[in-house]
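Participant:
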Amino acid sequence: MQINDGDIHTGKPVPFKVYTHSNLNKIPQLRNFDKEHIFAMQVVATVLPFRVNQYVLDNLIDWNNISDDPMFQLTFPQQQMLEPEHFERIAGLIKSGADNIEIRSAVREIHLQLNPHPAEQRTLNVPRHKNLQLEGVQHKYRETVLFFPYQGQVCHSFCTFCFRWPQFVNDSELRIALTEGKRLRSYLRDQKEVTDLLVTGGDPLVMKTSILARHIEPILGSEFDHIQNIRIGTKALTYWPYRFTRDSDSADLLRLFERIVKSGKHLAIMAHFTHWRELEPDATVDAIREIQSTGAVIRSQSPVLRHLNDDPAVWVKLWRRQVQLGVVPYYMFVERDTGARRYFEIPLARTWEIYQKAIQQVSGLGRTARGPSMSAGPGKVEIQGVSVVNGEKCFVLRFIQGRNPDWVERPYFASYNPGATWLDQLNPAFGEDKFFYEDEYEEMRKKHTCGC
11 MQINDGDIHT
21 GKPVPFKVYT
31 HSNLNKIPQL
41 RNFDKEHIFA
51 MQVVATVLPF
61 RVNQYVLDNL
71 IDWNNISDDP
81 MFQLTFPQQQ
91 MLEPEHFERI
101 AGLIKSGADN
111 IEIRSAVREI
121 HLQLNPHPAE
131 QRTLNVPRHK
141 NLQLEGVQHK
151 YRETVLFFPY
161 QGQVCHSFCT
171 FCFRWPQFVN
181 DSELRIALTE
191 GKRLRSYLRD
201 QKEVTDLLVT
211 GGDPLVMKTS
221 ILARHIEPIL
231 GSEFDHIQNI
241 RIGTKALTYW
251 PYRFTRDSDS
261 ADLLRLFERI
271 VKSGKHLAIM
281 AHFTHWRELE
291 PDATVDAIRE
301 IQSTGAVIRS
311 QSPVLRHLND
321 DPAVWVKLWR
331 RQVQLGVVPY
341 YMFVERDTGA
351 RRYFEIPLAR
361 TWEIYQKAIQ
371 QVSGLGRTAR
381 GPSMSAGPGK
391 VEIQGVSVVN
401 GEKCFVLRFI
411 QGRNPDWVER
421 PYFASYNPGA
431 TWLDQLNPAF
441 GEDKFFYEDE
451 YEEMRKKHTC
461 GC
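Take 11 as the starting number for the sequence shown in our numbering and just add one per residue.
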């Protein structure tokens, strides 16, 4: 299908207005909030990133029911997202009139306690090429390379649970980004085993289409025929669906998608839908249709989160609506061990129950959703169930992806721990000292440390 400007623009471009920590108290919908509530939000937003745009405020949040509204939880800071001692420390500094240098110093100390780069993101995941570390690129799994373009390390709005929060706290030592695309292409030329390039962030679709095209179009050449799939990770379908319909370069963006598909590569838009409410606005439905008209396929993933979607009924409705719209359910993740994890995390046993009860209620078309999956240091570990083996209650686990591909699809067992929320809280079942992969994984870490 040939896309023309007139095919997609349903009206004039919509102004993009955003609020951050610096002007949170100017948000019109917060006028009726008491001062203590607003102050608590400002304290949390001093530590964890906050950014929300007018579209989200006007179209997604139920301001008559904020105490139970999942979209408010998704976008606005809550006091309990910080540890009590962290909250009191920052609140005390603000109330005492401390200067910005003192506050920033305290905030950085807190950041370093929040596990800013889980699962070896700044160590094992970073490849070396021509004797140099390729910062802004991650290559954890054999077939897939992640690319963090410098210009895309922000989002239209921020999610309160985001494990990539260090990208948004104005700390260059924590941020992952690549400024020079030539280095990525040089690396990819030599990595013939790579089939997938994931452009991620932040959100790459905050970039102007011309900049995004500058990164992607060189990959469409014949020297990169081994790159079969291009993925773009985005939450624009929720936070700014006008990116595909009413921005000044929306038509250019859809034409770029068309060119990618016509080049023979598969284009996967990796959407992040956390709750079915995100699929209600007509603007989102229209944007989905425009993307699909280019030949791109939309897949959706999300963690399961306390306060937001920890109910099988939410996932059933989400997956059914996605299938109805032609969006492929892809992953249910476990909340990662970073940032505001203690506010959102759920015991693994409960996470699996939510997945099981939800997946039982959707047709086969919705059962493409894998999970619950932990993106941990050794790989993506899926909880397949709870079972009793030789009289011992245990979790049944498997790798969906692993640092060593030989680990994948190999079932293994962990002793049942009803309170565990992450892989490092599990122990091998049946009296074993280690999980089957641990020695090899530790050897990988040692080799990386010594540069072997």
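We treat Cβ as the ideally placed atom computed from N, Cα and C, and that holds for glycine.
Helix, strand or coil for K218, going by three-state DSSP, please let me know.
Facilitator: If DSSP states are grouped into helix, strand and coil, K218 belongs with coil.
Participant: To which residues does DSSP link Q411 through a beta bridge?
Facilitator: DSSP lists K390 as partners of Q411.
Participant: What residue does the beta strand (DSSP E) around Y151 start on, and which one ends it?
Facilitator: Element bounds for Y151: V147 to Y151.
Participant: Near V53, which residues of its chain fall below 7 Å by C-beta distance, leaving aside the five closest residues on each side in sequence?
Facilitator: Contacts found: F97, I100, A101 and I104.
Participant: Evaluate contact between the segment 188-206 and the segment 149-160, counting only Cβ atoms and requiring at least three cross-stretch pairs below 8 Å.
Facilitator: The segment 188-206 vs the segment 149-160: in contact.
Participant: For A5, which residues of its own chain have a beta-carbon under 6 Å away from its beta-carbon, when the five flanking residues on both sides are left out?
Facilitator: Residue 5 falls outside the range modelled here, since the chain spans only 11 to 462, and no answer is possible.
Participant: Just the C-alpha distance for Y440 and E402, rounded to the nearest angstrom, thanks.
Facilitator: The sequence as given places Phe at residue 440; Tyr does not occur at that position. Taking the straight line from one Cα to the other gives about 7 Å.
Participant: Excluding the five sequence neighbours on either side, which residues of its own chain have a C-beta within less than 7 Å of the C-beta of S397, listed in chain order?
Facilitator: Excluding sequence neighbours, S397 sits near C404 and V406.
Participant: If we call anything under 8 Å between Cβ atoms a contact, is G162 one with D213?
Facilitator: Closer than 8 Å, so yes.
Participant: In three-state terms, what does DSSP make of T244?
Facilitator: Here T244 sits in strand by DSSP.
Participant: Hey, how far is the Cα of R256 from the Cα of A297?
Facilitator: Approximately 10 Å between the Cα atoms of the pair.
Participant: Tell me which same chain residues have a C-beta within less than 8 Å of the C-beta of K36, skipping the five on either side of it?
Facilitator: Closer than 8 Å at the Cβ level, and outside the excluded window around K36, lie Y29.
Participant: Return the chain-ordered list of same chain residues with a C-beta closer than 8 Å to the C-beta of K457, the five sequence neighbours on each side being excluded.
Facilitator: Excluding residues within five positions, none has a Cβ falling inside 8 Å.
Participant: Just curious, the beta strand (DSSP E) that M342 is in, first and last residue?
Facilitator: Element bounds for M342: V338 to V344.
Participant: Determine, using beta carbons only, whether T56 and I113 come nearer to each other than 8 Å.
Facilitator: It is a contact, given that the beta carbons lie within the stated cut-off.
Participant: Could you say which of S373, R377 and V24 lies nearest to R309 if we only look at CA atoms?
Facilitator: Of the listed residues, the one whose Cα sits closest to R309 is R377.
Participant: Would you kindly work out how many angstroms separate the C-alpha atoms of V338 and W329, rounded to a whole number?
Facilitator: The alpha-carbon atoms of V338 and W329 are separated by roughly 8 Å.
Participant: Select from W362, G336 and Q131 the residue whose C-alpha is nearest the C-alpha of E183.
Facilitator: The residue with the shortest Cα to Cα distance from E183 is Q131.
Participant: State buried or exposed for L375, treating a residue as buried only when at least 16 other CB atoms are found within 10 Å of its CB.
Facilitator: It is exposed - the Cβ of L375 has fewer than 16 other Cβ atoms within 10 Å.
Participant: Over what stretch of residues does the alpha helix (DSSP H) that includes P322 continue unbroken?
Facilitator: Residues P322 to L335.
Participant: Pairing CB atoms from the segment 408-424 with CB atoms from the segment 310-324, are three or more of them under 8 Å?
Facilitator: The answer is no - the segment 310-324 does not touch the segment 408-424, with fewer than three Cβ pairs under 8 Å.
Participant: What runs of the beta strand (DSSP E), each 3 residues or longer, lie entirely inside the segment 111-188?
Facilitator: The segment 111-188 contains these whole beta strand (DSSP E) runs: 147-151 and 154-157.
Participant: Measure the Cβ-Cβ separation of E203 and R152 and say whether it is below 8 Å.
Facilitator: Going by C-beta atoms, E203 is nearer than 8 Å to R152.
Participant: Drop a sphere of 10 angstroms on the beta-carbon of Q83, count the other beta-carbons inside from all chains shown, and report buried for 16 or more, exposed for fewer.
Facilitator: Classification of Q83: buried, given that the 10 Å Cβ count is 16 or more.
Participant: Grab me the residues of K22's own chain with a C-beta within less than 6 Å of its C-beta, minus the 5 sequence neighbours each way, in chain order.
Facilitator: Once the five neighbours on either side are set aside, K22 has no close Cβ partner at all.
Participant: Taking the C-alpha atoms as reference points, what is the distance between R241 and M280?
Facilitator: If you take the alpha carbons of R241 and M280, they lie about 6 Å apart.
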